[in-house]
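Residue numbers (the numbering used here), protein chains in the order written: chain U, 1 to 108; chain X, 1 to 397; chain G, 1 to 203.
For every residue, glycine included, the Cβ atom is placed at its ideal position computed from N, Cα and C.
Some notes on the structure that comes next.
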Amino acid sequence: MFKIPKGKEVPLGCVTPAPVGEQPMMITGNWREFRPLLEPEKCDLCMNCIVFCPDACFQLDDAEEKVVLNEKYCKGCNICINECAPGALTAAYELDFDDGVVRLDKPF
Amino acid sequence: MAKEMMLSGCASSAQAAKMAKVEVISSYPIRPYTAIMMELSKMVANGELDAEFVHGEGEHGQLSIVLGAAAAGARALTGSSGVGVTYAFENYSPIAGGRIPLQMMIADRALDPPGDFGSEHTDAMSCRDQGWLMGWAETPQEAFDNCLINYRVGEDHRVLLPQFVCQDGYFVSHIPGPVSLPEQSQVDEFLPPYNLPHPLDPKRPVSHGPQIRPDQGTIMDIQRAQAMLDAPAVIREAIDDYNRIFGRKYAPFVEEYMTDDAEIAFFLMGAHTMTARHAVRHLRAKGVKIGLVKLRFVRPWPTEEVAQALSKFKAVGVVETSTSYGGAMRGGNLLHEVRASLYELPQRPLTTSFMAGLGGEMVSLEDFYHMTEVLSKAVREGKTKKTVYWVGFEAED
Amino acid sequence: MASKVHQVTVWARGVVQDKEGRDIANGLARAAGQEGKFTQSFDNYVDLPDRVNVPLRKYARISDEEIEERYEYENLHPEVVIVADATIVKGIDVLRGMEKGGTLVVATDRRPEDILKFIPNRDLLGKIVCVDAKAICGDRTVDFSGSEGGVDSVGIGQGISAPILGALARGSELVKLDHLDAVVKNKDALHKGHEQAVVKTLN
Chain U
1 MFKIPKGKEV
11 PLGCVTPAPV
21 GEQPMMITGN
31 WREFRPLLEP
41 EKCDLCMNCI
51 VFCPDACFQL
61 DDAEEKVVLN
71 EKYCKGCNIC
81 INECAPGALT
91 AAYELDFDDG
101 VVRLDKPF
Chain X
1 MAKEMMLSGC
11 ASSAQAAKMA
21 KVEVISSYPI
31 RPYTAIMMEL
41 SKMVANGELD
51 AEFVHGEGEH
61 GQLSIVLGAA
71 AAGARALTGS
81 SGVGVTYAFE
91 NYSPIAGGRI
101 PLQMMIADRA
111 LDPPGDFGSE
121 HTDAMSCRDQ
131 GWLMGWAETP
141 QEAFDNCLIN
151 YRVGEDHRVL
161 LPQFVCQDGY
171 FVSHIPGPVS
181 LPEQSQVDEF
191 LPPYNLPHPL
201 DPKRPVSHGP
211 QIRPDQGTIM
221 DIQRAQAMLD
231 APAVIREAID
241 DYNRIFGRKY
251 APFVEEYMTD
261 DAEIAFFLMG
271 AHTMTARHAV
281 RHLRAKGVKI
291 GLVKLRFVRP
301 WPTEEVAQAL
311 SKFKAVGVVE
321 TSTSYGGAMR
331 GGNLLHEVRA
341 SLYELPQRPL
351 TTSFMAGLGG
361 EMVSLEDFYH
371 MTEVLSKAVR
381 EGKTKKTVYW
391 VGFEAED
Chain G
1 MASKVHQVTV
11 WARGVVQDKE
21 GRDIANGLAR
31 AAGQEGKFTQ
41 SFDNYVDLPD
51 RVNVPLRKYA
61 RISDEEIEER
71 YEYENLHPEV
81 VIVADATIVK
91 GIDVLRGMEK
101 GGTLVVATDR
111 RPEDILKFIP
121 NRDLLGKIVC
131 VDAKAICGDR
141 TVDFSGSEGG
151 VDSVGIGQGI
161 SAPILGALAR
171 GSELVKLDHL
181 DAVVKNKDAL
191 HKGHEQAVVK
201 TLN
């Protein structure tokens, strides 16, 4: 008789639930050194940030008519800043903010 | 003078291949053996090693490339890990059957499912019956030495067999340890130039690997079986010469540690032997009569040496680092062969196996202490309760 | 039964700091080896292969006696943690496994207090050392010759690893500046790191 210690269980065939919306097993916000900072008055909702973000971290808030960044997954690649047509995004050093903390036990 | 360096098993293996003056190298990347090829490609690029470096389109291609090269008369080297080893499987029998003594370095890795790059012996052990020499290294130093020893034995005309030179992935392949690099003159004294008796040569045209008739099949098998029977004497000679030239103290097949007056012993191979040694030393200090027997060659399996080494104990724990699902012992591969080796003895020790170090799990001092308790209990009760213990996963011991 | 093994864990950014992070661990182990210590240094196997900016770990281990359990994956109980890029403290529990009284070395242009506010388990720390490594030597060397168990063909400590190692020698007894001086290439940056390090003793 085998006894698998608690916390070490693996599902049959290692079949795991598929992520819906977000992948909680692969949080990548802790890769970030510089975050894209939005100046709302400059944003013309061109949607380039939404289109170009490789991790789909920008989403459009329809009700408020603004783009919102998901800091939990933003890797800080800053592609959005490069693509932002009206220049509404700038790179800001992460230690200047108290929020955006994604404190994991392990790297991923 | 020998040069002392801190090298990983990958780096030391590449140094050994360089000193063996390999002429054709074929690579394909997979962890953890990758750095063997990283190092060799640097040497070729820097002009330190005069070899052809051919990148395969996969492991099957890799083995085909070195087969052609070695058949044409070049000392050839390749290597892989995990599923790379199994992807090339089709080529193993033709290479051994064609009696082409090339070398494949394996830094072992757990096979899928679904993906784990830790060490486990199952990848290479799955290929053990193809007619290749096979053995594991405990340290980067031993990985270095085994490369040279295996080329010498495999290329000997009494043997002519390819060689799987294995090391535990990550543990040996990635963690640097002290390595003494010899002089080139010492290596040249030990290892004569590659000399295949039946090379592909335009001056004396021959065909390799023709279609054979069914009535030739058994004879081909007998040739390979005979080579394996003849290999042990050649291994003994090679080890004697190696120890003399390089100042080492290797036993050809089984190494014993603190086995004098021991009642119980571990039997294992590869990286975890190092931790087991320390466990044995600490247990001895506490008065436990325990020793350790380390296996250096899985193929050819040293039947008499294993029987002789283990016959003096009351109980032996075989530490398995590979799987044999549904096998006679319900666990790993080594206990099958250990029990077969002991069968003819009038007095056999109790034997059981411990499944440990699978999927890259570490085997700690504590694990070895636990196994010792199981073995001591078996001696007290005069029997083993089970043929296999999955260390850390048994409902009861 | 086994002798005490001093564990040092280095946190660095994937790819861009892979080499410098490894240099810190290798440089420390090699320097400690010069005073007759038994040492080990290795990359975290599971963190690799890395991707740009992913947090990854490099380890050094130092002992007065032979290290018995050499074949391990992690430093489970680091007494010194080195963070080569300060923003990592927001993304990882860098002190995980540390016993009370440990040391944290951070490469940053900020003050120790600014870093400590991002560390919820700061009570574990006996000391924090901050050094502005980027300002001292400006660069980080990107080279992969030493990864995956390969042999480094560039040399230890040309970039930010040099001042970080200097700062480590200021804040920890594990290694001496003289021994680091013998193994680190950018000696000027090593010594500047040692001089300019800001050490704050806590608890």
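For residue 171 of chain X, the closest Cβ of chain G is nearer than 8 Å. For the stretch 51-62 of chain G, residues whose beta-carbon sits nearer than 7 Å to a beta-carbon of chain U comprise 53, 54, 55 and 56.
In the DSSP assignment, residue 114 of chain G falls within the unbroken alpha helix (DSSP H) covering 112-116. Per the C-alpha coordinates, the member of G:114, G:89 and G:85 positioned closest to residue 133 of chain G is G:85. The beta carbon of residue 66 of chain G is closer than 6 Å to those of 38 in its chain, skipping five residues each way along the sequence.
Contact between the stretch 83-99 of chain G and the stretch 5-24 of chain G is present, with at least three C-beta pairs closer than 8 Å. Separation of residue 96 of chain X and residue 161 of chain X (C-alpha to C-alpha, rounded to the nearest whole angstrom) is 6 Å.
Contact between residue 267 of chain X and residue 318 of chain X is confirmed by a C-beta separation of about 5 Å, below the 8 Å threshold.
Restricting attention to G:184, G:202 and G:177, the CA atom closest to the CA of residue 195 of chain G is found in G:177. For residue 35 of chain U, the three-state secondary structure derived from DSSP is strand. Burial is judged here by how many other beta carbons sit within 10 angstroms of a residue's own beta carbon; residue 219 of chain X has fewer than 16 and is exposed. Unbroken alpha helix (DSSP H) runs of no fewer than 4 residues, entirely contained in the stretch 238-263 of chain X, are not found. Sorting G:186, G:129 and G:29 by C-alpha distance to the C-alpha of residue 59 of chain G places G:29 at the top.
The residues 127, 130 and 132, in chain order, have a CB closer than 7 Å to that of residue 92 of chain X in the same chain once the five nearest residues on each side in sequence are set aside.
For residue 128 of chain G, the closest Cβ of chain U is not nearer than 8 Å. Secondary structure at residue 89 of chain X: helix, using DSSP grouped into helix, strand and coil. DSSP links residue 63 of chain G through a beta bridge to G:5 and G:38. The shortest C-alpha to C-alpha distance from residue 106 of chain U to any of G:140, G:74, G:40 and G:61 is the one to G:74.
In its chain, beyond the 5 residues on either side, 137, 157, 158 and 162 have a beta carbon closer than 7 Å to the beta carbon of residue 186 of chain G.
Here DSSP, grouped into helix, strand and coil, assigns residue 42 of chain X to helix. Listed in chain order, the beta strand (DSSP E) runs fully inside the stretch 281-324 of chain X are 290-295 and 315-320, counting runs of at least 3 residues. Cβ neighbours of residue 5 of chain U within its own chain (closer than 8 Å, five residues either side excluded): none.
Cβ neighbours of residue 72 of chain U within its own chain (closer than 7 Å, five residues either side excluded): 27, 29 and 102.
Taken through DSSP and simplified to helix, strand or coil, residue 77 of chain G comes out as coil. For residue 356 of chain X, the three-state secondary structure derived from DSSP is coil.
Think of a sphere of 7 Å around the beta carbon of residue 381 of chain X: no beta carbon from chain G falls inside it, the nearest being about 27 Å out.
Distance between residue 55 of chain G and residue 94 of chain X, taken at the CA atoms: about 46 Å. A Cβ of chain G is located within less than 8 Å of the beta carbon of residue 101 of chain U. The three-state reading of DSSP puts residue 54 of chain X in strand, counting E and B together. Listed in chain order, the positions of the stretch 172-185 of chain X with a beta carbon within less than 9 Å of a beta carbon of chain G are 172, 173, 174, 175, 176 and 177. Annotated three-state conformation of residue 102 of chain G is strand, per DSSP. Along the stretch 1-15 of chain U, going in chain order, the ones with a CB nearer than 8 Å to a CB of chain X are 1, 2, 3, 4, 5, 13 and 14. Counting C-beta atoms within 10 angstroms of its own C-beta, residue 212 of chain X has fewer than 16 neighbours from the protein chains shown and is therefore classed as exposed. Taking a C-beta cut-off of 8 Å against chain G, the contacting residues of the stretch 36-52 of chain X are 38, 39 and 42, listed in chain order.
Comparing alpha carbon positions, the residue from X:74, X:337, X:112 and X:225 closest to residue 295 of chain X is X:337. Residue 129 of chain G and residue 115 of chain G have their C-alpha atoms roughly 10 Å apart.
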